[in-house]
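Asks:
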Amino acid sequence: METLLAVAEFRSFTKAAEKLSLTQPAVSHHISQLEEELGAILFLRGRGGMRLTPEGEIAVRYARRFKALETKLHYELANTAKNLTNLRIGITHTSESNLTTEVLAKCSSLHRGLSITIETDTINNLYEMLENYEIDLAIVEGTPNNPRFSSLMLDTDYLVCIMSNNNPLSRHGMVTLSQLKEEQMILRLPSSATRILFDATLRSINDSIDSFNVTMEVDNIATIKDLIRKDLGVSILPKSACMDELRKGKLAALPIENLSMARETRIVYNKDFAQAELLEEIVRIYQQTAALYH
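Using my numbering, read the sequence shown as starting at 5 and increasing by one per residue.
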């Protein structure tokens, strides 16, 4: 399985052999043995190097899962002896900017022996990592449709127009779509959950992002907020990602007329996750922390 993962990564027997400190024939033999055992061809040779077959893609997915489970096994055995718990939690870039990291830090400090490792990635990647047991929990926006997962609601969030306090629109009670189309917009990348929801909501009213003046697309929410504070544009962001700035009066948030862009923030986990008390604790601390910002 280690050989399979190395060959899949480098698309080369030679480079995989270097990484594994094996000979190239040994790597080739490992793959041949695995193909014989599974009854499937895993790689095809092409001009650009080796590529995975559809069966190879499946084998790699399960190899990653086996490796993650083995690592998790060793962690849990070692931590049990020391009375420690390590929780690996995946969060989105939005969660990185809202209350989530603060809540997880509080949870870790309140529980002696609990350590939390945070991974930040896109929702799709986090779901894949969760399915492969590379993380224990994912805190994401929206409800998962994978039957292997369970989820618990943390909060209800919604998208708003975020702007500088110097922007004349900030003195209004709302912003219209026609007003928004006159502004320079700094938006999340098209692959982000925030952008996908905004695009889908516009399509639902027969409008399009193409009719807006999008001057920049940025992945990092902190960067977007910094640019907005400097009055270099407006953005569409989850209100939860801007709570600290809104509370301190550094930014303004307005609803958009005729657009409803609500979504849930949820903890997602595999159905065999065995530490229900930790889930309850995260929800409790989240609710307590959220109350401080309202």
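Built from N, CA and C at the ideal position, the CB exists for glycine as well.
Can leucine 91 and leucine 236 be called in contact, C-beta distance under 8 Å?
Replies: The residue given as residue 91 occupies position 87 in the sequence shown. The residue given as residue 236 occupies position 232 in the sequence shown. Result no, Cβ atoms of leucine 91 and leucine 236 do not sit closer than 8 Å.
Asks: Would you mind giving the Cβ-Cβ distance between alanine 257 and valine 164, rounded to the nearest angstrom? I have them listed as a contact below 8 Å.
Replies: The residue you call residue 257 lines up with position 253 of the sequence shown. The residue you call residue 164 lines up with position 160 of the sequence shown. At roughly 4 Å, the Cβ-Cβ gap stays under 8 Å, so alanine 257 and valine 164 are in contact.
Asks: Can you pull the DSSP bridge partners for glutamate 123?
Replies: As a working note, residue 123 is residue 119 in the sequence shown. Note: glutamate 123 sits in a beta bridge opposite Gly94.
Asks: Assuming leucine 141 contacts tyrosine 290 (C-beta within less than 8 Å), just tell me the rounded distance between them.
Replies: Mapped onto the sequence shown, residue 141 falls at position 137. Mapped onto the sequence shown, residue 290 falls at position 286. About 13 Å; that fails the 8 Å criterion.
Asks: Of the residues Leu46, Ala197, Asn136, Lys23, which one's Cα is nearest the Cα of threonine 98?
Replies: By 1-based counting over the sequence shown, the position of residue 98 is 94. Nearest option by C-alpha distance: Ala197.
Asks: Of all the options Ile225, Gln188, Leu231, Thr57, which has the alpha carbon lying nearest to the alpha carbon of aspartate 214?
Replies: Counting from one through the sequence shown, the residue named residue 214 turns up at place 210. Per the Cα distances, Gln188.
Asks: Could you tell me which residues DSSP puts in a beta bridge with asparagine 217?
Replies: Within the sequence shown, the letter at position 213 stands for residue 217. Answer by DSSP bridge pairing, in chain order: Gln188.
Asks: So, under 8 Å CB-CB, leucine 255 and arginine 233 are touching, yes? Tell me the CB distance rounded to an integer number of Å.
Replies: To locate residue 255, count along the sequence shown from 1; it is residue 251. To locate residue 233, count along the sequence shown from 1; it is residue 229. With a Cβ gap of about 6 Å, leucine 255 and arginine 233 count as contacting.
Asks: I need the boundaries of the alpha helix (DSSP H) containing threonine 160, first residue and last residue.
Replies: Within the sequence shown, residue 160 is the residue found at index 156, counting from 1. Counting along the chain, threonine 160 falls outside any alpha helix (DSSP H), though it belongs to the beta strand (DSSP E) covering 153-167.
Asks: Return the chain-ordered list of same chain residues with a C-beta closer than 8 Å to the C-beta of aspartate 211, the five sequence neighbours on each side being excluded.
Replies: Translated into the one-based positions of the sequence shown, residue 211 becomes position 207. Leu181, listed in sequence order.
Asks: Nearer than 7 Å: is that true of the beta carbon of isoleucine 143 relative to any heavy atom of the ligand SAH?
Replies: The ligand SAH is not part of the structure shown, which contains no ligands of any sort.
Asks: Measuring straight from C-alpha to C-alpha, what distance separates alanine 44 and glutamate 59?
Replies: Indexing the sequence shown from 1 puts residue 44 at position 40. Indexing the sequence shown from 1 puts residue 59 at position 55. Using only the alpha carbons, I get a separation of about 7 Å.
Asks: Give the DSSP bridge partners of serine 239, in chain order.
Replies: In the sequence shown, residue 239 corresponds to position 235, counting from 1. Partner(s): Ile166.
Asks: On the DSSP letters alone, give me the boundaries of the alpha helix (DSSP H) that valine 11 sits inside.
Replies: The residue labelled residue 11 in the question sits at position 7 within the sequence shown. Segment 6-14, the alpha helix (DSSP H) holding valine 11.
Asks: Using 10 angstroms around the beta-carbon of asparagine 102, count the other beta-carbons present and answer buried if the total reaches 16, otherwise exposed.
Replies: Counting from 1 along the sequence shown, the entry for residue 102 is found at position 98. So asparagine 102 counts as buried.
Asks: Judging by CA-CA distance, which residue of Ser36, Gly52, Gln37, Leu77 is the nearest neighbour of serine 16?
Replies: Taking the first residue of the sequence shown as 1, we reach residue 16 at position 12. Of the listed residues, the one whose Cα sits closest to serine 16 is Gly52.
Asks: Could you name the residues that DSSP lists as bridge partners for glycine 50?
Replies: Position 46 of the sequence shown, counting from 1, holds the residue named residue 50. DSSP output for glycine 50 lists Gly53 as bridge partner(s).
Asks: Give the straight-line distance between the Cα atoms of glycine 50 and serine 36, rounded to the nearest whole angstrom.
Replies: Taking the sequence shown and counting its residues from 1, one reaches residue 50 at position 46. Taking the sequence shown and counting its residues from 1, one reaches residue 36 at position 32. Cα to Cα, glycine 50 sits roughly 18 Å from serine 36.
Asks: CB-CB under 6 Å to histidine 300, same chain, minus the five flanking residues each way: which ones, in chain order?
Replies: The structure shown does not extend to residue 300, since the chain is modelled only from 5 through 298, so no value can be given for it.
Asks: Between Lys71, Glu132, Ile139, Met157, which lies nearest to asparagine 150 when the distance is taken from Cα to Cα?
Replies: One-based indexing of the sequence shown puts residue 150 at position 146. Asparagine 150 has its Cα closest to that of Glu132, out of Lys71, Glu132, Ile139, Met157.
Asks: Taking the alpha-carbon of arginine 267 as reference, which of Gln28, Leu24, Tyr162, Ala204 has the nearest alpha-carbon?
Replies: The count along the sequence shown starts at 1 and reaches residue 267 at position 263. When each option's Cα is compared against that of arginine 267, the closest is Tyr162.
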